[in-house]
Amino acid sequence: MLNQADPLKVYTPEQVAAMLQLSKNTVYELIGRGEIVAKKIGKVYRISARSLSCIFTGLDADLYEAEKEDLKQIPKVKEALSRVRAQLK
Amino acid sequence: MNVHLKRRIFVDSDVVISALLFGTGAASLLLREKTLSCLISSVSLTEIIAVSQRLAISKAKLSQLIKENLIQVKLTDSVSALKKKYEMYVVHAEDAHIVAGAIAAQSQFLVTYNLKHYRRDNLKADFEILVMSPGIFLQYLRSQQVRTP
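Chain order of the listed sequences is A and B.
Going by this note's numbering, the first sequence opens with residue 1, and the numbers climb by one from there.
Going by this note's numbering, the second sequence opens with residue 90, and the numbers climb by one from there.
Structure below.
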């Protein structure tokens, strides 16, 4: 399964097909349409873990990054909010 | 777009505070989305002001966001009355006023980063309100867009 802890890890289209329960041809079609972002090295494709993380989260890459930006500081926001909320009358 | 045709969403205070802290985050993208009417309640506003002070967010920035991107609905019940009335929709009674706001706003969506604080099945069953994070809601909006050839 996807190793989100290592953004440098890359997968072959065959490995991605197995992960997503798709055929190899479908993965190549998705690469062709840009729905899976892959890097072509010579005659083969490699797909980064970061590119796939968006598929597993259900978010487009830009939204995934935007939400991640907020989530970095959300514990601080939640703590301040819960203190204030507890005092509301 | 006419304000009456915009989709109405109720935003939890954590989303508003996040938007104030990070101009490029999902919360900020959500509140600046022109096809939406983003609502907060009078009680939410009180807590947003208090949290902004705690986190040293400038009053000017807060005022601008409220003026340009948020619509306020008035809650007339006391917070303690709201806690009793809506306790079955939240894990912690302190969050009950958010549910009350979403209902008063006649919103189909409650957008929050506190997904685990709400009893989503109850909200959907009784009020047809869906609870989502900002990113998921924006993704939902994209999925609803009609593609033109």
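Think of the CB as a built atom: it goes at the ideal place given N, C-alpha and C, for glycine as much as any other residue.
Residue i vs residue j beta-carbon contact at 8 Å
i: E79 of chain A; j: G114 of chain B; result: no
i: L119 of chain B; j: L227 of chain B; result: yes
i: V200 of chain B; j: D101 of chain B; result: yes
i: L171 of chain B; j: H186 of chain B; result: yes
i: L88 of chain A; j: T165 of chain B; result: no
i: S53 of chain A; j: Y64 of chain A; result: yes
i: A108 of chain B; j: L154 of chain B; result: yes
i: V180 of chain B; j: R208 of chain B; result: yes
Three-way DSSP call (helix, strand, coil) for residue i in this model
i: Y229 of chain B; result: helix
i: Q161 of chain B; result: strand
i: P238 of chain B; result: The predicted model places P238 of chain B with a pLDDT of 43, which falls under 50 and marks its position as unreliable; any figure quoted below should be read in that light. Correct three-state label for P238 of chain B: coil.
i: R50 of chain A; result: helix
i: L128 of chain B; result: strand
i: N3 of chain A; result: Only weak support is given to the placement of N3 of chain A: the predicted model assigns it a pLDDT of 46, under 50, and the question is left unresolved by the model.
i: I36 of chain A; result: coil
i: K95 of chain B; result: coil
i: V100 of chain B; result: strand
i: Y45 of chain A; result: strand
i: V200 of chain B; result: strand
i: V239 of chain B; result: The question about residue 239 of chain B has no answer here: the residues shown for chain B are numbered 90 through 238.
i: L8 of chain A; result: coil
i: L219 of chain B; result: strand
i: K78 of chain A; result: helix
Interface residues of chain B facing residue i [CB-CB closer than 7 Å]
i: A66 of chain A; result: T113, G114, A115, L118, G224
Partner residues on chain A for residue i, Cβ-Cβ distance less than 9 Å
i: E231 of chain B; result: With the sequence shown as reference, residue 231 of chain B is identified as Arg, and Glu is not the correct amino acid for it. Here the neighbours are D60, L63.
Chain A contact residues for residue i, given Cβ-Cβ distances below 8 Å
i: E217 of chain B; result: Within 8 Å Cβ-Cβ: nothing; E217 of chain B doesn't reach chain A, min ~22 Å.
i: E176 of chain B; result: Those do not exist, as E176 of chain B stays about 14 Å from chain A at its closest Cβ, beyond 8 Å.
Cross-chain neighbours of residue i in chain B, by beta carbon under 8 Å
i: K78 of chain A; result: D103, Y202, N203
i: E69 of chain A; result: F111, T113, G114, A115
i: V84 of chain A; result: E136, A139, V140, R143
i: Q73 of chain A; result: S107, L110, F111
i: L81 of chain A; result: S102, D103, I106, E136, V140
Contacts of residue i in chain A (Cβ-Cβ under 7 Å)
i: T124 of chain B; result: Here the premise fails: no neighbours, minimum Cβ distance about 16 Å.
i: L227 of chain B; result: L63
i: V132 of chain B; result: L88
Check: Mind listing which residues of the stretch 33-56 of chain A have their C-beta closer than 8 Å to chain B's C-betas, in chain order?
Finding: Sequence-ordered contacts of the stretch 33-56 of chain A with chain B are nonexistent [C-beta pairs closer than 8 Å].
Notebook entry, point to check: Of all the residues that make up the stretch 139-171 of chain B, which are near chain A by a beta-carbon distance shorter than 8 Å?
Noted result: So the list reads A139, V140, R143, L144, S167, V168, S169, given in the order they occur along the chain.
Note to self: Counting only Cβ-Cβ distances shorter than 8 Å, please list the residues of the stretch 98-112 of chain B near chain A, keeping chain order.
What the structure shows: Of all residues in the stretch 98-112 of chain B, S102, D103, I106, S107, L110, F111 have a Cβ within less than 8 Å of some Cβ in chain A.
Checklist line | Cβ contact check for the stretch 141-150 of chain B and the stretch 173-185 of chain B: 3 or more pairs under 8 Å | finding: No, because fewer than three Cβ pairs between the stretch 141-150 of chain B and the stretch 173-185 of chain B fall closer than 8 Å, the two stretches do not touch.
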